[in-house]
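In the working numbering, the protein residues as written are 5 to 186.
Using N, Cα and C, we set each Cβ at its ideal position, and we do this for glycine too.
Here is the structure we will look at, set down as C-alpha cells.
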C-alpha cells in the first residue's frame with residue numbers, strides 16, 4: 005500500500021496542517037494564551053484520531069481491533085507531531101526568528117499568572133520567573149525541539165490509547181462469515 009494512502013498518514017498530515025494553522029493564527033492574528041492553544045490542539049488531535057480510526061474501521065468492514073486502533077491513532081498523532089515540530093523549527097529559525105522572543109514572553113506570562121493564582125511570594129516568584137524565562141528561551145533550539153518529539157509522543161500515546169478504547173470494534177465471535185465457507 006502506498007504510504008500516503010494509509011489512513012494514519014493522511015489524517016496525520018491533516019492533523020499537522022490544522023495544528024500549524026492554529027499556531028499561525030494564535031501567533032500572528034488572534035493571540036491566545038498557551039493553555040488555550042494546548043487545549044485546542046488536543047481537541048483537534050482527538051478529532052483527527054477519531055476520523056482516522058473511523059476510516060480504518062470502514063476499510064476493514066466495520067471491524068477494528070484495539071491494537072489496530074491504537075496503531076492508527078498513535079501514528080496519526082506522531083505524524084502530526086513530527087511535521088508540526090519541523091515546521092516550528094523552520095518558522096522560528098528561518099522565517100521569523102523574532103517569534104522566539106514573543107513565545108518566551110507568552111510562556112513567562114503564563115508562568116507568572118499561574119504563580120500569582122497559587123499565591124507565591126514575590127521573592128520566590130522573581131527567581132522562578134527568571135529561571136522560566138531562561139528555560140523558555142532555550143526551548144526553541146533545534147535539538148530541544150527535536151527532543152520535544154520524544155516527550156510529545158508520550159502524550160500522543162496516552163491520548164491515542166484512550167481514544168482507541170472508544171473507536172475499536174471487535175469482530176463478533178458468533179458471527180459466521182460466508183467468505184470462510186468453502
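Could you have a look at residue 58 and say whether DSSP puts it in helix, strand or coil? Assigned with DSSP and collapsed to three states, residue 58 falls in helix.
Figure out for me which residue from 38, 98 and 58 has the closest Cα to the Cα of residue 172. For residue 172, the nearest C-alpha among the options comes from 58.
Do the region 147 to 155 and the region 124 to 132 touch if we need at least three Cβ pairs shorter than 8 Å? Taking 8 Å as the limit for Cβ pairs, the verdict is that the region 124 to 132 does not touch the region 147 to 155.
Compute the Euclidean distance between the alpha carbons of residue 27 and residue 92, then round it to the nearest angstrom. Taking the straight line from one Cα to the other gives about 9 Å.
Given that a residue counts as buried once 16 or more other Cβ atoms are within 10 Å of its Cβ, and exposed if not, what is residue 49? By the neighbour-count definition (other C-beta atoms within 10 Å, threshold 16), residue 49 is a buried residue.
Nearest to residue 114 (by Cα), restricted to the options 36, 167, 94 and 161: If we check each option's Cα against that of residue 114, 36 comes out closest.
Give a yes or no on whether the C-beta atoms belonging to residue 89 and residue 19 are separated by under 9 Å. The Cβ atoms of residue 89 and residue 19 lie no closer than 9 Å to each other.
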